[in-house]
Every structure is written in C-alpha cells, then in structure tokens.
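Residue numbers (UniProt numbering), protein chains in the order written: chain A, 1 to 399; chain B, 1 to 399; chain C, 1 to 399; chain D, 1 to 399. Where a beta carbon is used, it is the ideal one built from N, C-alpha and C, also for glycine. Reading through the structure tokens given below for one structure.
There are 4 protein chains.
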Amino acid sequence: MNADLLQALSAQRIETPSWGYGNSGTRFKTFAAPGAARDIWEKLDDAAEVQRLTGIAPGVALHIPWDEVEDYGELGKYAAQRGLTIGAINPNVFQDEEYKLGSVTNPDEAVRERAIAHLLDCVEVMKKTGSRDLSLWFADGTNYAGQDDLRSRKHRMRAGLKRVHDAMPDGTRMLVEYKLFEPAFYATDLFDWGAAYSHCLAIGEKAQVLVDLGHHAQGVNIEQIVAFLLDEGRLGGFHFNARRYGDDDLIVGTSNPFELFCIYAELVFGANSVDDLTRRTAQNVAYMIDQSHNIEPKVEAMLQSVLNCQEAYAKALLIDRDLLKEAQGQGDVLAAHRVMMDAFKTDVRPLLMELRVEMDLNPEPIQAYRAGGYQAKVTRDRGTQTGGGGYPVKEKVRS
Amino acid sequence: MNADLLQALSAQRIETPSWGYGNSGTRFKTFAAPGAARDIWEKLDDAAEVQRLTGIAPGVALHIPWDEVEDYGELGKYAAQRGLTIGAINPNVFQDEEYKLGSVTNPDEAVRERAIAHLLDCVEVMKKTGSRDLSLWFADGTNYAGQDDLRSRKHRMRAGLKRVHDAMPDGTRMLVEYKLFEPAFYATDLFDWGAAYSHCLAIGEKAQVLVDLGHHAQGVNIEQIVAFLLDEGRLGGFHFNARRYGDDDLIVGTSNPFELFCIYAELVFGANSVDDLTRRTAQNVAYMIDQSHNIEPKVEAMLQSVLNCQEAYAKALLIDRDLLKEAQGQGDVLAAHRVMMDAFKTDVRPLLMELRVEMDLNPEPIQAYRAGGYQAKVTRDRGTQTGGGGYPVKEKVRS
Amino acid sequence: MNADLLQALSAQRIETPSWGYGNSGTRFKTFAAPGAARDIWEKLDDAAEVQRLTGIAPGVALHIPWDEVEDYGELGKYAAQRGLTIGAINPNVFQDEEYKLGSVTNPDEAVRERAIAHLLDCVEVMKKTGSRDLSLWFADGTNYAGQDDLRSRKHRMRAGLKRVHDAMPDGTRMLVEYKLFEPAFYATDLFDWGAAYSHCLAIGEKAQVLVDLGHHAQGVNIEQIVAFLLDEGRLGGFHFNARRYGDDDLIVGTSNPFELFCIYAELVFGANSVDDLTRRTAQNVAYMIDQSHNIEPKVEAMLQSVLNCQEAYAKALLIDRDLLKEAQGQGDVLAAHRVMMDAFKTDVRPLLMELRVEMDLNPEPIQAYRAGGYQAKVTRDRGTQTGGGGYPVKEKVRS
Amino acid sequence: MNADLLQALSAQRIETPSWGYGNSGTRFKTFAAPGAARDIWEKLDDAAEVQRLTGIAPGVALHIPWDEVEDYGELGKYAAQRGLTIGAINPNVFQDEEYKLGSVTNPDEAVRERAIAHLLDCVEVMKKTGSRDLSLWFADGTNYAGQDDLRSRKHRMRAGLKRVHDAMPDGTRMLVEYKLFEPAFYATDLFDWGAAYSHCLAIGEKAQVLVDLGHHAQGVNIEQIVAFLLDEGRLGGFHFNARRYGDDDLIVGTSNPFELFCIYAELVFGANSVDDLTRRTAQNVAYMIDQSHNIEPKVEAMLQSVLNCQEAYAKALLIDRDLLKEAQGQGDVLAAHRVMMDAFKTDVRPLLMELRVEMDLNPEPIQAYRAGGYQAKVTRDRGTQTGGGGYPVKEKVRS
C-alpha cells in the first residue's frame, strides 16, 4: 500500500452516536436487544469496543438529556481511559410535552424560550466536554395545511438559531440538519438543504449544513448536494445511515453502496481541490453515524457501519483522478464513468486488512468481535431491557 | 335533495377504529392528548359521540389484544346501548418480542405457530362479537438484502393465511392489507396490492384485499387499483387516512381531497356497474378509518375524518355518469374530465346540512361538538396519560 | 362581490407560452393536433382567443429561436392589435447538436461561449420587445456518475449566469428555473430551488428563482418553497402545470387542485404581508403557463389552464386571514386547517361568472369557446401538421 | 474457475434490441450519434460486433414496423451469417395518429381492431423469424381523471391480449410489460406487475410478465417482484436498463449496481430451486436490453450493458447459498446479509477475463472495441443522421 493511501485511511474518523448503543425502534415496537447499553457509561464501553476493533472511531456523540451527567469531567476521563473522545452534542427539543406544536418554531413564545434555553444549556455542555460541534435536529413542522404560518415559523427558526449561534464559543460549529418529513407530515421547518443553507448564510460563519443520508426525497442526488455545499464552504457534517423508502436509518452502505461511494468520491475530490475554501471545508467535515438498529445486535451493527464507511472511502481514494479529469475534459462520457466504476469494482478488503495490520489491529474485525466474548458479557451483565416503542402496549382490561 | 341521493348518503357507513381514540405517536414521541380514552369502554364512549353527531359511523373496529375483554357479550351490549356495533377484528402480531424477525413469515416455526394461534384466537373473537371482517396487517419483512429468503417467506405467508382462512365461519371475510414499507425497510412480505391479491386468489373465496391509502409508493394511482380490484371481485375494504410522504396516517382527505374524491368515484361507478360481481363487491366494501392523531384532539379528529368521507362520497354521487360516459365514448378528453371536475367543485356542505336535518342530526357537527361539553368532560374524567413513544426517554443518570 | 375581491381578480395575470399553441409530445410520439399553430403569428392569434375569453391572459411568452422574427416591432404591433403583450423571453440552449453534453456547463469552452452568445442575443430581443423577464431553463446535466466534475459545472453555470445577468438592462429580471431531472438522468446542474437560489444570491439583484410545478421530487412541499423564497425576496415567477409522476406537463390544477390552492394561498399571504420585501416580491411574481398538451385540443387546454388558475386564486382570496391567524396563534390545529378548507370547499364558479359580467366577458368561457367557430376555423385554415416526436419513425426498408 | 461457474457464465444470454443501435433521444432532442445504424441490416452489423466481443449476446430483438423487411428469410440468413439469432418481436402500437387515446384500450373499436391486427401481424413475423417471444408494451393510458372509464379500458386490454394470445403458436410466449407512467400521466392501463400478472392469469398459459427495470415507482423492491413472479411461474423476461428518476433508460447497472446484483441473485436462487415450476421458469427467462443511449456512443454503450449484466450474474453465482441458508435459518440478520455482500464485494473482472480466454474472446472487450476500427468505420460509412426528437424544431419565419 502506498504511503498516501495508508496515511489517508489511518486518518479517517467516524463518530459513533451514544444512542446507537441503546434500544430503539419504530413507532410500532422497540424490540429489546440483549445487552443493549442502559446509560452513557455503558454506551462508552460499547463505543470503546468499536474503536478497539476499527481504530478509526474514537469520537462519541452525546444526546442531551439522554446522556446528561452531573460531572462531565468524569465522563471525559472515562472516555479518555478507553481511547475515546467526546464528539458532537445533540440537544433534544422534541420529547417534552410542550413541543407538540414545535420547539423553536412553536407559536407560543414561552415554549420557544424553553427550547432555546435547552440549546444554550447544550452549548454549556460543549464547553465542559470540549466538543467542537453542536448538532441540531428539529422535529418542528406542521401536519395540516393552514395549521401555522410557514413564514412566521421560518422567522422563529432563524431567530432561535441566531441566538444560539451567537452564544457559541470561537472555534465551534453549529451543524444544521434538515429533513424532508417525519415526524412532521405536511411541512417540516428545515425541509431541505436549501432551507438549512439559507439559514446558515444568514446567521453566521459558525453555522454549517449537516447532511443526513436518509432525509431526502426519492431520487435526490446527495453527492451533488455534497459537492455544492463543499464548494460554498458550508458542508459541516454527515449523519450516515442507509435508506430505500423514508428515513429508514439502516446500517450505512447496505441499501445502495454505490451511492455511498459517490458521496465519498465528492469528499475526496473536495479534499484535493485547488480551491482553499473547498479543501478546508472538506477536511473539516464531521462524519457521524446516526442509525436505528431495530432488529440487529447493536455493537456488531455499529462495527459494520464503521467498516462500510472505511470501504467506501478506500474505493474513493482509488479513483484515478488524473485519468478521470482527462476523460471528462474530452467529453468521453463512458471512459469517465468507467474510471469511477473501476475504483468501485475494486475489492478493497485485502487492502484494508493490510491497513489494520499496519495499525496493530486484528485484520478481521467482525470475526474478531464475534469470536470475542463482548456480546456474551454485556448480555450477561446488562440483561435485556424490554418496554417502549410507538403504538400503545396492551392496556389493562377493565375489571 | 332527490331521494336517491338522500338514500345513498344516509346509507353510507364509516367504521372508526378503537385505537384512534387512544394515544398514539411517532417513533420520536407520543404526545399525551387530554382526555384520550384509556380502555375499550372509553373508546366506545368516544365512538358513540362520533356516531351521535354524524349518524353514519356506528361500527367500531377492535384491536386484539389492546381491546381484549373477558366478556364480549357484555362489550356488545355496551356498544349496542350506545347505537354502536362491533366491526372488524384486527389482530396484533407485531408487538411481542418473538416477532422481531416476523410473525407468520418468521424463519422459526414456533414463532409462526404462535402468530397463527393468535390469528385463530381472533377468529374466535369474531364469532363472539359477530364481526364480519378479520382485518390482517403484518409488520413482517426484512431490513437487509439476504436477511431471509424472499420466496420462503412468501410460502410461509400463504400457508399461514390459508390456515386462518379455512378456519373462518361462512359469511365472514379475511381482509388482507399490504404496505410498501415500515416497519420493514428492505422488503415487506405483503408489499403491494398485487402480492395481496395473488395470495387471496390462492387461499380462497373469503379473502379480499384491503387498501390503506397511506401504503403506496409515490405516484401510484390508488383509484385505479380500486377499479381493478372491484372488477376482479377482490376489493374487501379500506383503511382511510391521508399522506404526502410515507404512511403519514393523517386525517383522511386533508392532504389531497381530489384523490379521495377519485377513489369514491370509482366506488360509485362500481356500485352502479352492470356487472354483477363488480356491483356486489362494491356494495360490500368495508370503509374503515385507520389514522394516528398525534397532535390534534382525538374525537374531533375522528369526527372530521368521517365528515371528510361524507363530502367525498357526496361529490362522487353528483358526477353526471351519463354525460361522463358520453364524453368518454366520443374521446372528448377535456369534456369528460370536466364532468368529474364539475362534481368535485360543487360545494356539498349545504346538501349535507340538509341531509342531517333529514336524519335528525345537528346540521353542523363540528360546531356542535365544540360547543358541547364532551371534550371538557373526558379531559376532566380521564386526565392526561403521558409516557410511551418511540425513541428512549431520558435514562437515569448513573449515581 | 366586494370591491377588493373584484379588484384582485380582475388584476390577475396569467401569461401563456407561444409554444403551448404548437404541436408537442412525448419522446414516443408527437400527435398532430388539428389546427395547431404553425408559427408565432398564429400562436398570437390563439393567445388572443384565450385573452378574449378570459380577460386575464394578455401576456405571451416567446421562445427563441422558435419564435424568432426579423422585425420585433412588427410582432409587437401585431400583438398589441390583438390586446396582447410580449412576455418573458425563453432562450433555447438544448437543441443544437453542440449541446449534447451541456450548454453553459459544457466541458468545451467554445460551446459555452456559443450558449452565452445566444443568451445575450435573447437579452437583445428583450430590449426590442420590451420584455421584463428573461426566463432561463437549462437541460444541462450528466447521465452517469463521473461523466463530468460536478463542482466545475457549478462554476461554469455561475460564470455564465453572471455574464448574462450583468448584460441585462435595469428593470429587467433573470428568472432561473431548476429541475430535478430530465433530460439529465444522473445530475441536473440546476437541480433544485436551493441551487437556483444560491446562484441568484451570488450573481446579483436581478436574478430570481422560477418555480415550475412539475420539477420537484415526489412529496416536496412546493407552497413551502414559495413561502421561503417570497420571504427571501427571491421568488420571480412560475411555470404552471400539473403532474403526478415526473415532469408531466399536464393542465395546471388537474392532478391536485388542492396543491394549487395552497400555492396561491402563500402568494396571497405574501402579497398582504407587513414585510415590505415579501409584499413587493409577491406583487411582482410572473405567472406563466408551461405545459405540453399532447392529446387535448391546444386552445381549449390553454383556456382551461387559465381558468383553473383563476379558480385557485379566487379561493385563496376567500381565506379568512384574520380567523386563520387567530386559530394559528392559539395552536388550534384543526380550526386553523378548517379555515383553509372552508375557502377551498367554496364553489367559486358563480363568483367568477359575476366577475366576467363585470369585465364584459362571456360568463362561461369554455362553453363560449366550444360554441364559437374558432377551432373549426383554424383546423380548416391551418390543417393538421404531422411528424416529429421522440423515438425513430419507421425507416425505409432496404431494397 | 470451477466448471459449474464456467458453464453458467458461458451459457448466459443477453438479447440486444435493434432500436438500441439507432438514434434515440428525449422529448427535447435526439442528438445525432456518428455512425448510428440507419436500418435493420446495419443494426445487425452492430449487434454482431457486440456478440463478437462478448460471446453472450447473439439474440437481437426486432421492432415492427421499424425493422420490417420484405423477406424475413433473408434477414434470418443475414443474422445467422453473423452469429446472430432473431429474438423477441416488439410490435409498435403507439406511433400512429390513431393511437392518441390508446391502442387496444382505445374507446373507438375501429382503432382497437387496427391495433390487434398489427399485433396479429407480429405473430406472423414470429412464425417467419422463429422467434419465441412476443414482447408487448403499450403506451395506453389516460392523462386526466375521468378521461375514460378505467374498468372499461381494463376489459378492452384483456380482450385484446386474449385474442392475440390465442393466435400464438405452441411453444411461444407473450411477454406482458407494465409501466408506472409515461407517456400516460394519469393512469397507465398496465400500471404495475400486479395488473400484468392478473391479465396473464386470465388469458392463458403462454402469457408471462416482463419486468422493465425502469418502470417502477420510487422505492419499489424489484428483486422481490422477481422472486414473487418466479414462484408463481409467471416471470417471462426483462427489459434491462438503469434509472434514478423516471424511466431513464440508462445503461443497465450504472445507477445502482447493487440492485442489479440483488435481481440476479433472485434469478440464481430461482434457477437452483427445488421447486420445479420456479426452476423451469427461471431457466426460461428472456434477458433483454432496452435502453436509450442519448449522449453516449451506441455500440460501446451496448457492449458496456452486456458486460455489466455479466458482472452482476457472476457475482450472484458466487453467493455461498449454503452459508446463506444457514444464517437465514438461524435468524442471524447480519451474517446472512454479509454472505450477500461478500459476493457483491468480490472483484469478478479477473474471473471474467479468464472466462473470455476460455471462450476464445479478447479478455478486455471494451479496450478491444476502442482499439479496433469499428466505430471509425461506421462513422465513415454511415455518416451522422440528424433530425428528430421531441419538442418542435425551429419553424420557418413568416415571410
């Protein structure tokens, strides 16, 4: 393996989310995963196992208040002892009863203030944890035409984002996530990258767009959005996952590995751009997993997710960019396309085994995980937590 | 109002679902609705209020085990006293831990048997309640390519349906519902009307297809499926709701009222067909609401749903079918289209007020409901039940 | 009818496109419409008939070079004599052989220059015709991953738009249209409103976004984009049509009349906004039809299109905005929604007949058109032009 | 390479379409490809070049009347001399002016008879050419709600198919293709696989469903339809191509190679099924390309298409079916999925080079083609045919 490739691959970083190690489900049911982590400490233990086996996943994103602790210094130490760092802070402004009609866009000012206060609290958590990124997702939107005024909600969103933005320390970033739908079914306030981008432009330099792979309408070309935002210097990060239908939140790279490769290709092109802004932007992108492992074992699923990103990145690095540029310049449609495909068709598994040996890792992380005793141990120690999930569980029969 | 129209409109029947009166939500959160019904008895009380105000919604669908009671005789009596009847029985084979990889299509035979046993239990409930319809929805499917064998799952589905079908009493029907996705995100075992229809053909005469308006891919022409199934004698019923994106489960008729009108138009055309099978099929269609009122008051939402169906049906009845046929026969594209649009553009609210007066109902059901004390009473009596919903609620901080 | 309503409705303007009066089709076939206009003079005759019957459609958009004439002064005079004005100028940079790989984004600089030269020529046509709007649609894009560099194409697009923008006279506007796909099937250079908006921001004050109703991904909420762009002062105009699937280009308002109503509602809200920028923007929106009447008679289809816009606008004007605002402020989801629906349910046909009487028009334009001899006359005078359409026509058999 | 694999790969057959060698385009423009074939004889020459380089594409589908000749015996001889065979016969009932409102579903009986007569003529062509398959695609449908009666059109479709079916010789098959939309934009008469399947069941044993990869709604799982139809014994063939948006008709395997692999996986599973009907059905599937090469060189595009199918098939053959079955049986979601992915990740290019050497072919067909003089020769001999395409070309300026 050449040195550049080794260097690039060993420098790759994928952040895993604390909530990906706990139980989650659909509105119909949350199935209980044996040994699923029950609190942030156990989640860090799981993340450490993923990092131990991959070497490229030291960061762990927190979700507040799910991961709230009294002493973030202690949490940071606990993480550091396991080779981990605290990543993005993710506020939760969608689970209080007050947020039924929105958080920062709620028609009621008191609710908006409550939401903003929580976001500002999360900025404080960032300071305590040394997190660079505040990652914002809003469930805000409406279900029926006329339910609320769309432009008023836009104004409220902008004002709220602006206040939080201005309270953020230098060197930090606000990542603004958008989503086509769910849980709002008529209009989502941050409905696409254009809306998020427009707000970012208006509120300030720290604001950047976050792309969640599952939050687009059918057919939308995500790698083109990535290229566009890189070029504008406004791509801040990703929530990686896979989808075929809605926001399916499956393991990244499982439903359409070619799309993931094309996205990584744009990131590699951007990181090698002659344009300073594009290059710097590409180099600072935060790569984060955000999935919902409903039926598969949590830690193994996360491990697989990180590995799928690694394979996609490796393939993207193998694209012969000079040859590609030449074919593109000549308008040789099929030759240019084949340069991409040649990289995609390459089996990078031997290369990545080589990389792992260089990094003092087990060359076969999945096998190593399954052969190791981690899953059995946590199942034994933590048990299986049932309960929860969308639709009502059986109610008591009236006596 | 002419007598035929009055007759048709007063004979319309819309069945409301017991679960529509209780709390429900998205995977992110179930917001607590003040006064939401807590058990089947309270749900019947709510349904009675809807029936009292509309006069066309006496039937109530049950969900087993949510609505399980010890004495169905008592339940039937309670319903009858309120002018209600027990409608379709809806089994639940998606909320037990065993169903993580499917119910009747599970790779494990023991799980399949458990699911079938529950379905057969529901057939017993039908006998006790005098229900005509067993309404089957399966969450069964897979999330990843290769997870299970698609043809094997098809065989298991067919075998399971067949066993239940053959246990059903004469004069009853099995309604087989399909769905594009959710909670399965790679492949849903009953993935479209074609799959449901094929199974119905194979298992027997009692099996018919149930169309849920929210279970189709984008762009799919639902009224055409309705027309096709009517013509084949295999349309059994509807789950009415509205959607723009996924299975949004909004109030029927709110996101695209013209689509609802077109669906009713096919039903009116079918009910007036010269073809015996089509006409008989159309006359026996079960019209059922199946929605998830996440942010709006439950009873008012259900009332609105029934009224929206009434308006759509009234407009469909107003289509000048002779004129339509004539324009169609002449290939006069725009004239034919305008016959449809003329009916759709008609404001049927005065007509329906007239109908209600004829039926001894308040002409303005929504106003009457809001002016009445029902919502205040149930809020006071039942309180507000919090808790539940998709994603994990805040966990305890480790001490 | 109150004076405000009369004033608003009689001031409504819908621009019809010259190309909508000629033959058009799908890639499979262009069916010959009897009497379809053969040149710009006949197209103006047809447009005059639509204006004569509706009174709100005096503007006619030109397509260059399809409508190129030697003497635009003569053309203007011909139009004026028929009560018409020349509307937006629409360049064509997609039908020369050189544009196979793009026009302003073509990898070949010479092709880009050719395209820009044509756009600049069209600016000259604007000066000659007194047109306010240059309406730009590009077929530019790629069909295969890797075919061309996405960021380079973005740069070329921006540079080209900028040069044309800067050559435009004061008081004119550049309307930048976007489209999800077709004829590009991997990536379209102006792929959504966000891309168009970003370019508009970068190139200058005259640039505004044009929304074609058929150019979005499934599920996308167009009225929200309208509201967003109005609020940003960057909504320039519409291409009206209707779709269910792709860019179907059907008669506006036929596939989902409620969506058209919701769009008009945002325009009415915007035109009544307290915000100066929003209000001014809303008042200057250009409303243009852009459709492909493949199977229906051209003039009648255009007439119907204008009338459908009129009905949607009338309904939007009937929304009780005070009541709506009040319900929204109270978070009364269903009451607010019903305010919208009450307007939508109103049958505005009597009102519009009254309006036409006030405007000295026949109250029933469709009936008047069909009863009149126009279609018969043009069919007789112009004949039926066959030929054209997508897929190859029958080739000669080798002798 | 093991003998089974070699045997399977060398037995693979991909039929290329005559129309894929001529010019084609979108409704906006048909760009002229240098050297594009001008008649069926030249198309056979091109197909022979593809067969010469791949060894797995001897069959050529004909389109009538585009490929109509006086002496089909001569045509067959011409083909045979080039190592080719005549494949499926494709009637054209969408380009005559009479078909504006449909062919076999037209409201006018005379038009229906004309269409059926053409289909019966094509059965005669089958007899002359020895073709096994009659491949039916209909543009039939409606653009506006109410335009025609949906059930009447269904009856006409069934009656027409039945008459043709019953006229077909023993041992031949009718392949019934469906499509979501285009050129019909409200309702397409054969709108999905369920509709096609229902007709096939009704009309007889020779009728089977044809799956065109570009004819589905977004999200639809095509491999599941394939599995379902195989299991029912009603999968007759494919029209291969690739799409992201509508019916994009790109080179198969270019937009989502994983989907193509999953489809081939079901075909391999079916061909190895213990069930006789499924196995026999899978073994008789007709694999046909149906694409529109708008911007890329025709012959090279077809060559690439065949090779992409070869790679997908090779990967599908490499799936460890025993291991897969074992993991599926254990409900080991991720292990089962990885068995699929392991095959997909394998770089099969070396294997296929080996295969070609065994088959006495150049191991690198694309390189060989580009290095050879074929494209230069046909460009020189045939020239570049311009003209045609959707929207009107520039009209004459009035003098």
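> Secondary structure at residue 391 of chain A, three-state DSSP: helix, strand or coil?
Replying inline: Translated into positions along the first sequence, residue 391 of chain A becomes position 391. Interpretation of residue 391 of chain A is limited by its pLDDT of 40, a score under 50 that renders its predicted location unreliable; no figure is taken from the coordinates.
> Could you give the distance in angstroms between the alpha-carbon of residue 253 of chain D and the alpha-carbon of residue 48 of chain D?
Replying inline: Locating residue 253 of chain D in the fourth sequence gives position 253, where the first residue counts as 1. Locating residue 48 of chain D in the fourth sequence gives position 48, where the first residue counts as 1. Approximately 22 Å, taken between the alpha carbons.
> Of the residues B:204, B:138, B:309, B:374, which one's Cα is nearest the Cα of residue 15 of chain B?
Replying inline: Along the second sequence, read from residue 1 onward, the residue named residue 15 of chain B stands at position 15. Among B:204, B:138, B:309, B:374, the Cα nearest to that of residue 15 of chain B belongs to B:309.
> Should residue 326 of chain A be listed as close to the ligand PLP, given that the test is whether its C-beta is under 8 Å from any heavy atom?
Replying inline: Here there are no bound small molecules, and the ligand PLP is not part of this structure.
> What does DSSP give as the partner residues of residue 359 of chain B in its beta bridges?
Replying inline: Residue numbering aside, residue 359 of chain B sits at position 359 when the second sequence is read from its first letter. None, per the DSSP bridge assignment.
> Quick one: does residue 228 of chain B have its CB under 9 Å from some CB of chain C?
Replying inline: On the second sequence, position 228 is the one that residue 228 of chain B refers to. Answer no: the Cβ-Cβ gap between residue 228 of chain B and chain C never drops below 9 Å.
> Since residue 142 of chain B sits in a beta bridge, which residues does DSSP pair it with?
Replying inline: Translated into positions along the second sequence, residue 142 of chain B becomes position 142. According to DSSP, residue 142 of chain B bridges with B:187.
>> So for residue 288 of chain A, helix, strand or coil by DSSP?
In response: The residue labelled residue 288 of chain A in the question sits at position 288 within the first sequence. If DSSP states are grouped into helix, strand and coil, residue 288 of chain A belongs with the strands.
> alpha helix (DSSP H) containing residue 94 of chain A: first to last residue?
Replying inline: Taking the first residue of the first sequence as 1, we reach residue 94 of chain A at position 94. Careful: residue 94 of chain A lies outside any alpha helix (DSSP H) and carries neither H nor E.
> Given a threshold of 16 other Cβ atoms within 10 Å of its Cβ, counted over all protein chains shown, does residue 339 of chain B qualify as buried or as exposed?
Replying inline: As a working note, residue 339 of chain B is residue 339 in the second sequence. Buried is the call here.
> If we cut at 9 Å on Cβ distances, does residue 263 of chain D have a partner in chain A?
Replying inline: As a first step, residue 263 of chain D must be located in the fourth sequence, where it is residue number 263. At least 9 Å separates the CB of residue 263 of chain D from every CB of chain A.
> When DSSP builds the beta bridges, which residues end up paired with residue 86 of chain B?
Replying inline: Residue numbering aside, residue 86 of chain B sits at position 86 when the second sequence is read from its first letter. Its beta-bridge partners are B:60.
> First and last residue of the alpha helix (DSSP H) that includes residue 156 of chain C?
Replying inline: Locating residue 156 of chain C in the third sequence gives position 156, where the first residue counts as 1. 150–167 is the extent of the alpha helix (DSSP H) around residue 156 of chain C.
> Can you find at least 3 beta carbon pairs, one from the region 297–308 of chain B and one from the region 19–30 of chain B, that sit closer than 8 Å?
Replying inline: Short answer: they touch.
> With distances taken between CB atoms, is the gap from residue 200 of chain B to residue 209 of chain B smaller than 9 Å?
Replying inline: Indexing the second sequence from 1 puts residue 200 of chain B at position 200. Indexing the second sequence from 1 puts residue 209 of chain B at position 209. A distance below 9 Å separates the beta carbons of residue 200 of chain B and residue 209 of chain B.
>> So, with DSSP's three-state summary, where would you put residue 296 of chain A?
In response: The residue you call residue 296 of chain A lines up with position 296 of the first sequence. In this structure, residue 296 of chain A counts as coil in the three-state DSSP scheme.
>> Taking 9 Å as the threshold (C-beta atoms), are residue 361 of chain C and residue 1 of chain C in contact?
In response: Here residue 1 of chain C is taken as the residue at index 1 of the third sequence, counted from 1. Here residue 361 of chain C is taken as the residue at index 361 of the third sequence, counted from 1. Going by C-beta atoms, residue 1 of chain C is not nearer than 9 Å to residue 361 of chain C.
> residue 318 of chain B: which of B:156, B:25, B:273, B:264 sits nearest, CA to CA?
Replying inline: Translated into the one-based positions of the second sequence, residue 318 of chain B becomes position 318. With distances taken between Cα atoms, residue 318 of chain B lies closest to B:264.
> At which residues does the alpha helix (DSSP H) containing residue 212 of chain D begin and terminate?
Replying inline: As a working mapping, residue 212 of chain D is identified with position 212 in the fourth sequence. Looking at the DSSP string, residue 212 of chain D is not in any alpha helix (DSSP H); the run it does join, the beta strand (DSSP E), is 207–212.
>> Suppose the cutoff is 6 Å on Cβ atoms and the five residues either side in sequence are ignored; what does the same chain contact list for residue 203 of chain C look like?
In response: The residue given as residue 203 of chain C occupies position 203 in the third sequence. Cβ neighbours of residue 203 of chain C beyond the five flanking positions: 161, 162, 165.
> If residue 278 of chain D sits next to residue 230 of chain D, beta carbons under 8 Å apart, how far is it from one beta carbon to the other, in whole angstroms?
Replying inline: On the fourth sequence, residue 278 of chain D is found 278 positions in, with the first residue counted as 1. On the fourth sequence, residue 230 of chain D is found 230 positions in, with the first residue counted as 1. About 5 Å separates the two Cβ atoms, so the contact holds.
> Which partner residues does residue 237 of chain A have in the DSSP bridge list?
Replying inline: Your numbering for residue 237 of chain A matches position 237 in the first sequence. DSSP, once it has assigned bridges, lists A:210, A:286 as partnering residue 237 of chain A.
> What in chain D is Cβ-close to residue 151 of chain B, meaning under 9 Å?
Replying inline: Residue 151 of chain B sits at position 151 when you count from the first residue of the second sequence. Within chain D, the residues near residue 151 of chain B are 227, 228, 230, 231, 266, 269, 270, 273, 275, 278.
> Should residue 206 of chain C be labelled buried (16 or more other beta-carbon atoms within 10 Å of its own) or exposed?
Replying inline: Against the third sequence, residue 206 of chain C aligns to sequence position 206. So residue 206 of chain C counts as buried.
> Given a limit of 9 Å on CB to CB distance, which residues of the region 1–27 of chain D reach chain C?
Replying inline: Across the region 1–27 of chain D, CB contacts with chain C closer than 9 Å involve 19, 22, 23, 24, 25, 26, 27, in sequence order along the chain.
>> If you follow the alpha helix (DSSP H) that residue 232 of chain D is in, where does it begin and where does it stop?
In response: Within the fourth sequence, the letter at position 232 stands for residue 232 of chain D. Here the alpha helix (DSSP H) through residue 232 of chain D covers 222–232.
>> With three or more beta-carbon pairs closer than 8 Å as the criterion, would you say the region 135–151 of chain B touches the region 102–119 of chain B?
In response: They touch, by the three-pair rule.
> For a contact meaning CB atoms closer than 9 Å, what does residue 31 of chain D contact in chain C?
Replying inline: The residue labelled residue 31 of chain D in the question sits at position 31 within the fourth sequence. Those within 9 Å of residue 31 of chain D in chain C are 97, 99, 100.
> What's the call for residue 67 of chain B, buried or exposed, on a 16-neighbour Cβ count within 10 Å?
Replying inline: Here residue 67 of chain B is taken as the residue at index 67 of the second sequence, counted from 1. The residue is buried, with at least 16 neighbouring Cβ atoms inside 10 Å.
> Do three or more CB pairs link the region 124–134 of chain A to the region 69–85 of chain A at distances below 8 Å?
Replying inline: In the pairwise beta carbon analysis, the region 124–134 of chain A is classified as touching the region 69–85 of chain A: at least three pairs are separated by under 8 Å.
>> Is there a C-beta anywhere in chain C that falls below 9 Å from the one on residue 243 of chain A?
In response: Here residue 243 of chain A refers to the residue found at position 243 of the first sequence. Interface annotation, residue 243 of chain A: not in contact with chain C, CB-CB separation never under 9 Å.
> When burial is assigned at 16 or more other CB atoms within 10 Å of the CB, is residue 81 of chain B buried or exposed?
Replying inline: In the second sequence, the residue the question calls residue 81 of chain B occupies position 81. So residue 81 of chain B ends up on the exposed side.
> residue 10 of chain D by DSSP, collapsed to three states: which one?
Replying inline: Within the fourth sequence, residue 10 of chain D is the residue found at index 10, counting from 1. Shown here, residue 10 of chain D sits in a helix according to DSSP, grouped into three states.
> In chain C, which residues lie less than 7 Å from residue 139 of chain D when you measure between Cβ atoms?
Replying inline: Walking along the fourth sequence from the start, residue 139 of chain D turns up at place 139. Ordered by position in chain C, the residues that pass the 7 Å Cβ test against residue 139 of chain D are 28.
> So, is the C-beta of residue 208 of chain A closer than 9 Å to a C-beta in chain C?
Replying inline: Here residue 208 of chain A refers to the residue found at position 208 when the first sequence is read from its first residue. Not an interface residue.
> Does the beta-carbon distance from residue 266 of chain C to residue 256 of chain B come in below 9 Å?
Replying inline: Within the third sequence, the letter at position 266 stands for residue 266 of chain C. Within the second sequence, the letter at position 256 stands for residue 256 of chain B. Residue 256 of chain B is positioned such that its CB atom lies no closer than 9 Å to that of residue 266 of chain C.
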